[in-house]
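Start counting the sequence shown at 1; every next residue gets the next number (my numbering). Just so you know, even glycine gets a beta-carbon here, dropped at the ideal spot from N, CA and C. Computed from a predicted model, the values in this text were never measured in an experiment. Read through the structure below, which is laid out as structure tokens, and then see the notes.
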Amino acid sequence: MNKILCPVDFSDTSLNAIEFAVEIGKKFRSTVTLVHIFTENDFNKIVGEASIGRSFKELLGMATAKVKKLADQINEDYKSEGLLNCDYQVELGELTDRILDMISEGQYDLIVMGTTGISRVRGVFFGSNTEDIIEKAKIPILCVPKSASFGGFKKIVYASDFMKEDRMAIQEVISFATLFDARISVLHINLRDDEENYNKFIDELKSFIQYKKINFVNKRFKDDIGMGIEEFMQDENSDLLVVYKKHRGFLGSMFHKSLTKTLSYSTDKPFLVLKLDNNID
1 MNKILCPVDF SDTSLNAIEF AVEIGKKFRS TVTLVHIFTE NDFNKIVGEA
51 SIGRSFKELL GMATAKVKKL ADQINEDYKS EGLLNCDYQV ELGELTDRIL
101 DMISEGQYDL IVMGTTGISR VRGVFFGSNT EDIIEKAKIP ILCVPKSASF
151 GGFKKIVYAS DFMKEDRMAI QEVISFATLF DARISVLHIN LRDDEENYNK
201 FIDELKSFIQ YKKINFVNKR FKDDIGMGIE EFMQDENSDL LVVYKKHRGF
251 LGSMFHKSLT KTLSYSTDKP FLVLKLDNNI D
């Protein structure tokens, strides 16, 4: 994770996400890029009453100054603690399109986004922008709820229905957990009551996993997978939920549709969606 991209709109939600981006950046000695993406209609929300009577150019300068001030403060506070650098960009355009362009052009390794959870009425996953980015981006995305508080990643839950792609994904989780000295619970969502294949899969994983602080849990959630995962995380006092976006589409399977419900219950835990370049067919 050499380069981390963190969209910011100056809301409390996005400012909270910056803390997570910076803390990860410190561990990985990364560069964090703050990006504000706007249209002209957004300016009143950005600079408030100070925007009245201002030209577009002046408003652009004011928005740029706000992002620069954030980046300068982060560099002052955290470069001595391991963060390589915090830079910033201000872009015109639609959020999803510009972020996808920046990922392609800048070769970023991780997106950290502030999120508002699922709308219980509309069933929208973190809002349409974040759902689009999760579905289309080719790099991992850390979704950070407004009320999440960074206290380190001491306990990580990797939720899985144990497909063959999970072998690679779990290695990525281990790489992340190692830097935080975190314990990993690999939570198998048992949808098929297939104990024999589950045990075979676990034995195979254990044969090549060297990380000592890892355990495997087999759970049967009959009614609500999302609520079951959330209850497990609470029981374990976990700090982070991780899933792997499989090739067939994050929202396309029973497993992942149920996972999205987790976020309507979870208001204070971040959610990491892994992506792997070398998908297994």
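Residue i - containing alpha helix (DSSP H), residue span
i: Val-167; result: Correcting the residue type first, residue 167 is Arg in the shown sequence and not Val. Taken as a continuous stretch (DSSP letters only), the alpha helix (DSSP H) holding Arg-167 covers 166-180.
i: Leu-283; result: Residue coverage of the chain in this structure runs from 1 to 281, which leaves residue 283 outside it and unanswerable.
i: Phe-28; result: 12-28
For residue i, three-class secondary structure by DSSP
i: Ile-139; result: coil
i: Val-8; result: coil
i: Gly-114; result: strand
i: Lys-146; result: coil
i: Phe-125; result: Since pLDDT at Phe-125 reaches only 38, below the 50 mark, its modelled position is unreliable, and the value read off the structure follows with that caveat. Phe-125: coil per DSSP, three-state reduction.
i: Gly-151; result: coil
i: Met-254; result: Only weak support exists for where Met-254 lies, its pLDDT of 43 falling under 50; the value from the coordinates is given anyway. Here Met-254 sits in helix by DSSP.
Proximity test, Cβ basis, 9 Å: residue i and chain C
i: Phe-176; result: No chain C is present in this structure, which holds just one protein chain.
Residues near residue i in its chain [Cβ-Cβ closer than 7 Å; skip 5 each side]
i: Ala-169; result: Tyr-244, Leu-274, Leu-276
i: Glu-204; result: none
i: Tyr-78; result: Val-22, Lys-26
i: Asp-12; result: Lys-146
i: Asp-166; result: Ser-160, Tyr-244
First through last residue of the beta strand (DSSP E) which encompasses residue i
i: Gln-107; result: First-last for Gln-107: undefined, no H or E at that position.
i: Glu-91; result: 85-92
i: Phe-271; result: 271-274
i: Phe-232; result: Here Phe-232 belongs to no beta strand (DSSP E); instead the alpha helix (DSSP H) covers 225-236.
i: Ser-185; result: 183-189
i: Asn-215; result: 214-219
i: Tyr-158; result: 155-160
i: Phe-38; result: 31-38
i: Tyr-244; result: 240-244
Cβ neighbour criterion (16 or more within 10 Å) applied to residue i
i: Leu-179; result: exposed
i: Lys-269; result: buried
i: Ala-65; result: exposed
i: Asn-16; result: buried
i: Gly-249; result: Its pLDDT being 42, under 50, Gly-249 is placed unreliably by the model, and the measurement read from it follows with that caveat. Gly-249 is exposed by the Cβ-count criterion.
i: Ser-30; result: buried
i: Asp-239; result: buried
i: Lys-3; result: buried
i: Gly-226; result: buried
i: Ser-14; result: buried
Beta-carbon proximity list for residue i, same chain, < 8 Å, skipping 5 on both sides
i: Ser-207; result: none
i: Asn-237; result: Lys-155
i: Ile-139; result: Ile-103, Tyr-108, Asp-109, Leu-110, Ile-111, Lys-275
i: Asn-75; result: Leu-83, Asn-85, Cys-86
Residues near residue i by beta carbon distance below 6 Å, same chain, minus five either side
i: Arg-122; result: Residue confidence for Arg-122 is low, a pLDDT of 34 falling below 50, so the modelled location carries little weight; the figure read from the coordinates is stated next. Here the set comprises nothing.
i: Phe-216; result: Val-186, Ile-202
i: Ser-80; result: none
Quiz item: Three or more C-beta pairs closer than 8 Å, one from the region 144-159 and one from the region 179-187: is that the case here?
Solution: yes
Quiz prompt | Cβ pair count under 8 Å reaching 3, the region 130-147 against the region 105-116 | solution = yes
Practice problem: Check whether the region 82-94 touches the region 67-74, counting contact only when three or more Cβ pairs, one atom from each stretch, lie closer than 8 Å. | Solution: Per the Cβ contact rule, the region 82-94 is in contact with the region 67-74 (3 or more Cβ pairs under 8 Å).
Quiz item: Counting pairs of Cβ atoms below 8 Å between the region 28-40 and the region 141-151, do you hit three or more?
Solution: no
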